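To keep things clear, I will list the structure first and then write my remarks on it.
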Amino acid sequence: MPKTKVNLDVTEIDNFTYDMSRCVKCKGCTWVDHIYMPGVKFSMRCPSAAKYMFDSYGAYGKMRVGVALLEGRLDFTDRILEILYADPLCGACDVGCKRNLDLEIGLTLEALRIKAVKEGKGPMPAHKKIAKNIATSHNIFGAPHENRKKWLPKGANLSSKADILYFVGCSASYQNPEIAQATVEIFNASRTEIMLMPDERCCGNTLYSVGMIDEAREIARRNIEAVKKTKISTLLTSCAECYRMWKVDYPKMLGISTSDLGFRVVHLVELVDESIKKGTLKLKNPVSLRLTYHDSCSLSRLSEPWVRWEGERGLWGMVNPPLERRRGTNGVYRQPRDILSSIPRVALVEMPRMRENAFCCGAGRGTKEAFPDFAQWAAAKRLEEVKEVGAEAIVSACPWCKNNLSGAIKASGEKIKSFDISELILKAISR
Amino acid sequence: MNTRDKLLEIVGSERFSDDPQVLERYSKDFSLQPPGVPNYVVKPKDAKEVQRVVQFANEHSIPIVPISSCVHFHGATIPRQGGIALDLTRMDRILEVDELNRRVRIEVGVTWQKLTQELEERGFRVIMPLLPHSQRSVVTDYLEREVPTNTVYDYGEPLQSMEVVWPTGEIFRTGSASVTGYPDSRSKGANPSGPGIDFYRFIQGAQGTMGVVTWANLKIESIPKIDKIFFAPLSDLSFAMEFLYRILPRRIGQECLLLNNVNLSVMVAEDWPGDFEKFRKTLPHWTLILVMSGLSRRPEEKIAYEEKALAEILKNEFPMISLSENLPGLPGLGRKLLGLLRKPWPKESTYWKNGYKGGCRSLFFITRPVLASKMIDKVEEIAAKDGYPIHDLGVYLQPIEHNRACHLEFNLFYDPAAPAETEKIRTLYSKAAQVLLNEGAFFSRPYGDLASMVYERAASYAMTLRRVKKIFDPNNIMNPGTLCF
Amino acid sequence: MAISKEVYKVLESIVGSDHLSDDPAVCEGYRSGPGGYECGLGYERVMTKVPGCVIMPRTTEEVQKIVKVCNRYKIPYLPFGTGFLGPRSHPHVADALLIDLKRMTDFEIDEKHLYAVVGPGIIYSQLQEEAMKRGLYTVVGGGGAQVSVVANMIGDGWSPLSYRIGLPHRRILGTELVLPDGELVRLGSLALQDDPFWGELAIL
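Shown next, in the form of structure tokens:
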């Protein structure tokens, strides 16, 4: 039986021809895992398939389109670009497929976008604009780079040298200062020193997500260099997307493993959870709210550490050495829930679709900019679930989720609030 | 070659007749269907002969009426357009008893009596409708969807695969009996459907209009080792229905049925008319009959857990229902009824439906159990208006498949020798049927006059049926004039 | 162009432009895949073709209209649920119209009378969950929890648990069917009334 060499390098699409051609259309990528199926309502996990409905828009259809592209039967058209890009790359399909077959759906989708960009067909015009913004102002908004630290409240006391570096991210810096401010206050309250990056620049999430891997890689190298210089042990983020970039996609792009980075990448909720358990942070103030927690994709199913792998594939598609698949099981699910449950008077209710089955809000990884209607639609769908469980508020751990959900709430006229978890933690800590 | 000679050639003179006296016997039955005489009667001995007769008939557009029993209640076998009465009663072999697959394969002429006896010797039985006539064909009764008294088996009907001769003369086997070399094949014919298109439902309920079935496989069950029969006197039928909705989906019980006092009296009376009158007066308005059985493996435990579950439900939710092993004032009823329920009606006695006045017109349909009460009220209303004595109206309610639906049957007893009474019954029947149809009664077996009523209402369905019939029976030779053909 | 411009316009007026497409990339998504046990044999590639056009109706009336249009303009079509009968669920001739029924997700359940009314877009795991919420259950055919209930039932999908509640084709009650010429037939109790609670009206 001839063996083929294979690895997980997304710039080589041939690594994924096996995965593309073995899809059996079971739609594990599309349906909520059957064991957790809520019924006839809220049965899908894939926002793209739910909105556009044609088979091509679900991962199972995209795999076929991918095969056709590789075999030269189809060329990149506007329709194919829509099929590939009207998609928040939320990872639901990736973990859903792995329940049944060990196919690397997520990596295939990334590889297809990289191919589109390489051939000059992608990404979407809105993405090109973002790329330009990053190139000139080092943030996705095109706002002045010198204003990046404007969010800092007057008299904020941050160390110039600490063990934990807080990577604020473009959104919290320019659009959601409340998140950054809350984060800083939280660490003050637990008397933990944090520092900022001297010259913080965009993590490159949008670039990588849309397939502009060369630009993203350059940013990765620069950012990691900058962090190494500070000799910190822990990189802290309050944005799920930044978290995923640093922890998963930086090593992926550079051909190393997460453990090779030389520092630990954590999200706010992980450190806060540790602090609460250690007793250095006390959430004593009651918050009377019936709320539900939305698992931001990049913090949950996409957040497992990246392990570099190469090997060969042989009989029955089995690979050697054995590959530990990233199934999303070990994402950051417990910590935010523990935090919220520990706040006095909070009633935490779960939505029908949660954890690996969570329904993406539709905003992340360049989707909101290129397909605003789609992002709004997906958030509106998520809101139906919030209403279903009678929650007054929805809490997430990513500014993208927060903003997109807020937008949908506003459009709907419902009296639901959308919070970032940092805001609730702040409300609860005794100062 | 003329028809007579051809038929003689196929079946031989012993099994052919065009003697008017013989033909007359086929022209009527227990129903009120107007008489119709066939031109010939033949009694084929196997499928090949059936095939040759059918082929000939098809070539010459001669009607064929397939008949497998010698007693009929609904008029379906009375020839409407003359033709050949295809009498299959001689094809009465029990071909296989397959204990491992719980299956029996029988020719269509096998009667309830013959089959029950044969199976009993081996410790088996086929689930039965209520007190079937011992000389009726088992296969035909199930083709005609007689409802079994046993509600616990999900198959709802024991019929499996069959062999049928199409109106154009091909011999065809349905389901898994269609494999090459059947019955000497791995497949035993237990799957009634496929491969691909399913002909089972197509042939069933057709009243002989789609083809001639020659043999069929049926499911058999082991005769229970332990039986316990219970009775509950009831006056409120709706309440009884709630009870059945509760216990039957839990698969409590084997046979389960409801009879009103008239019907139950007719069944158990031995000394006429004394017994009948006495019972009718003293029996409760409704009697629920529930049989619990332990089958072949661990029968005591099975009965024990069913009884326990039933006792809890009765105690906690239906304390006013008193279920006991006998009805007050009727000692020995349990043993008697159990015997009646497990065997066809004894051949020597007058069939129970004819025991009271000689004649019985049965109006039956399928409905939701929750609607039964209302329907009974409506029929009683109409009967009262038409001057039919309510105390002569027999009612039988048979829950189907865990009480998801029920067969509701009204037995209108009458004296067939009295023309005025007969006419009254005819009009009452039509009136009641029309009203019930509007109330949501599902007449799934439209015999006689019911057919035109039903098909008028289901016009597009009837149109489709006719289209399909044209494919299978282009010359409309199979029992023409029946259903909507 | 599999379907002429005129016919495309007619179909578009039936379902709206969002639910109709003859774009090759959209049709490619409906290519038959290796079904579980046929994986790698490749015969789906030989036996099936990609549809020429895909349409997604929402109601029975829309389905009837579509079928009538296909009849008039001689367009081969096939109904499509979840595509799990392997190559057999997919087009075998070129330029077929694939009628994707996933939007027909009407659902009702009568727990007292132990039946559910489903459209072809409902899959078993949804039905099973709704049943179990009410203390009931159904048996999922071997095709899997992800297959369309209607497609599997009419294809007589068995499972090792079928003995518990009976053969699939015996569990079909009132049915509504659009014939190949666009006529609507109602079978079972639906033929006589608006209540689908029972099957079998003297034949079918």
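Chains as they are written, first to last, in numbering that gives the first Met the number 0: chain A, 0 to 430; chain B, 0 to 484; chain C, 0 to 203.
No residue lacks a Cβ here, since even glycine has one placed at the ideal position from N, Cα and C.
Keep in mind the model is a prediction, meaning the values are calculated, not measured.
Beta-carbon neighbours of residue i, restricted to chain A and to distances below 7 Å
i                      : result
residue 29 of chain C  : 54
residue 141 of chain C : Those within 7 Å of residue 141 of chain C in chain A number zero; the least Cβ separation is about 13 Å.
residue 129 of chain C : 38, 39
residue 82 of chain C  : 24
Bridge partners - residue i, DSSP secondary structure assignment
i                      : result
residue 397 of chain B : B:406
residue 89 of chain C  : In the DSSP output, where bridge partners are listed per residue, residue 89 of chain C has none listed.
residue 16 of chain B  : B:40
residue 285 of chain B : B:233, B:259
residue 345 of chain A : A:288
residue 416 of chain A : A:392
residue 326 of chain B : B:329
residue 162 of chain B : B:172, B:214
residue 147 of chain C : C:122
residue 194 of chain A : A:158, A:164
residue 78 of chain C  : C:98
residue 236 of chain A : A:166, A:266
residue 132 of chain B : B:344
Partners in chain A for residue i, counting only beta-carbon separations shorter than 8 Å
i                      : result
residue 121 of chain C : 39
residue 104 of chain C : 39
residue 204 of chain C : Since the first residue of chain C shown is 0 and the last is 203, residue 204 of chain C is not available in this structure.
residue 55 of chain C  : 52, 53
Contact set between residue i and chain C, taken where Cβ atoms lie within less than 7 Å
i                      : result
residue 248 of chain B : 113
residue 244 of chain B : 111
residue 192 of chain B : 155, 166, 168
residue 312 of chain A : Those do not exist, as residue 312 of chain A stays about 13 Å from chain C at its closest Cβ, beyond 7 Å.
Extent of the continuous alpha helix (DSSP H) to which residue i belongs
i                      : result
residue 231 of chain B : Element bounds for residue 231 of chain B: not the alpha helix (DSSP H) but the beta strand (DSSP E), 225-233.
residue 62 of chain A  : 58-69
residue 214 of chain B : Looking at the DSSP string, residue 214 of chain B is not in any alpha helix (DSSP H); the run it does join, the beta strand (DSSP E), is 211-218.
residue 129 of chain A : 124-136
residue 359 of chain B : From DSSP, residue 359 of chain B is part of no alpha helix (DSSP H) but of the beta strand (DSSP E) over 358-366.
residue 117 of chain A : 104-117
residue 370 of chain B : Counting along the chain, residue 370 of chain B falls outside any alpha helix (DSSP H), and DSSP gives it neither H nor E.
residue 50 of chain A  : 46-51
Endpoints, the beta strand (DSSP E) within which residue i is located
i                     : result
residue 59 of chain C : No beta strand (DSSP E) contains residue 59 of chain C, which is instead part of the alpha helix (DSSP H) from 59-71.
residue 53 of chain B : Here residue 53 of chain B belongs to no beta strand (DSSP E); instead the alpha helix (DSSP H) covers 46-58.
residue 78 of chain A : First-last for residue 78 of chain A: 77-84, but that is the alpha helix (DSSP H), not the beta strand (DSSP E).
residue 22 of chain A : Per DSSP, residue 22 of chain A belongs to no beta strand (DSSP E) and is neither H nor E.
Per-residue contacts from residue i into chain B (C-beta, under 8 Å)
i                      : result
residue 186 of chain C : 460
residue 63 of chain C  : Result: empty, since nearest Cβ-Cβ is about 12 Å, beyond 8 Å.
is_contact[residue i, chain D] using C-beta, thresh 8 Å
i                      : result
residue 165 of chain C : Protein chains in the displayed structure are A, B and C, and chain D is not among them.
Per-residue contacts from residue i into chain B (C-beta, under 7 Å)
i                      : result
residue 169 of chain C : 154, 155
Assumed close pair residue i, residue j - CB separation to whole angstroms, cut-off 8 Å
i                      : j                      : result
residue 82 of chain C  : residue 100 of chain C : That pair is no contact at about 11 Å.
residue 104 of chain B : residue 114 of chain B : Not really, about 11 Å apart at Cβ, beyond 8 Å.
residue 331 of chain A : residue 298 of chain A : 5 Å
residue 157 of chain B : residue 125 of chain B : 6 Å
residue 237 of chain A : residue 182 of chain A : 5 Å
Cross-chain neighbours of residue i in chain C, by beta carbon under 8 Å
i                      : result
residue 331 of chain A : The premise fails here: residue 331 of chain A is roughly 27 Å from chain C at the closest Cβ pair, so nothing lies under 8 Å.
Cross-chain neighbours of residue i in chain C, by beta carbon under 9 Å
i                     : result
residue 30 of chain A : 122, 124, 125, 144, 145
### Task
Count the CB pairs spanning the segment 231-249 of chain B and the segment 368-377 of chain B that are closer than 8 Å, and state whether there are at least three.
yes
### Message
Contact between the segment 460-479 of chain B and the segment 6-17 of chain C is defined here as three or more beta-carbon pairs at a separation below 8 Å; is this criterion met?
### Response
Too few Cβ pairs lie closer than 8 Å, so no.
### Any 3 or more C-beta pairs closer than 8 Å across the segment 201-218 of chain A and the segment 238-250 of chain A
yes
### Query
Counting Cβ pairs closer than 8 Å, one from the segment 17-33 of chain A and one from the segment 340-347 of chain A, do we hit at least three?
Contact fails: fewer than three Cβ-Cβ distances are below 8 Å.
### Task
Indicate whether the contact test is met: 3 or more Cβ pairs, each with one atom in the segment 137-144 of chain A and one in the segment 209-216 of chain A, closer than 8 Å.
no
### Query
Do the segment 49-60 of chain A and the segment 20-35 of chain C meet, that is, are 3 or more Cβ pairs less than 8 Å apart?
yes
### Query
Do the segment 156-172 of chain C and the segment 190-207 of chain B make contact, defined as three or more Cβ pairs closer than 8 Å?
yes
### Message
If contact is defined by three or more beta carbon pairs under 8 Å, each pair taking one atom from either stretch, is the segment 50-62 of chain B in contact with the segment 71-85 of chain B?
### Response
yes
### Message
Does the contact criterion of 3 or more C-beta pairs under 8 Å hold for the segment 377-389 of chain A versus the segment 45-52 of chain A?
### Response
yes
### Message
I want to know whether the segment 358-369 of chain A touches the segment 80-97 of chain A - three or more CB-CB distances under 8 Å.
### Response
yes
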